[in-house]
């Protein structure tokens, strides 16, 4: 009987201490964060192209790029960090967000490739087809 009381007490204490994690809503809406993330990924790709730079130099260049992006988009780094934490707490919202980011990056690539006239041109249909492939593969992973 004593064991039952002890186990019941422990169970009661554990349940009494339980508090579900509260996730805050993101400070930045999709209209603000998507263009920022697109520019962020483009800047990271540009930094990655500099093969001759040391890791320290690349990190320094990336930090400068990030600071510039925060100024251009008029976003506070703390607001961005809080928003990304909120999106990471909701995987479905994060996936939807990044699907839109990928679409915007593909549109950017399409516009850029049409301007440069170098390499194989991709039609809008091909770009959208690639987005569908990305969506399908991410859904299969879940």
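Numbering (UniProt numbering), first residue to last: 1 to 142. From the three backbone atoms N, C-alpha and C, an ideal C-beta is built for every residue, glycine too. Keep in mind the model is a prediction, meaning the values are calculated, not measured.
Residue 47 and residue 61 closer than 8 Å at C-beta: yes
Nearest candidate by alpha-carbon position, reference residue 105, set 94, 30, 40: 40
Residue 76 versus residue 113 - alpha carbon distance: 32 Å
Report the option in 67, 64, 80 whose CA atom is closest to the CA atom of residue 29. 80
Cut-off 7 Å between Cβ atoms - residues of its own chain near residue 87, not counting five sequence neighbours on either side: 26, 93, 94, 97
DSSP state of residue 143 mapped onto helix, strand, coil: Within the shown structure, residues of the chain are numbered from 1 to 142, placing residue 143 beyond reach of any answer.
For residue 99 and residue 59, what's the separation of their Cα atoms in angstroms? 27 Å
Measuring CA to CA, which of 54, 42, 24, 71 is closest to residue 108? 42
Among 64, 73, 44, which has the Cα closest to the Cα of residue 33? 73
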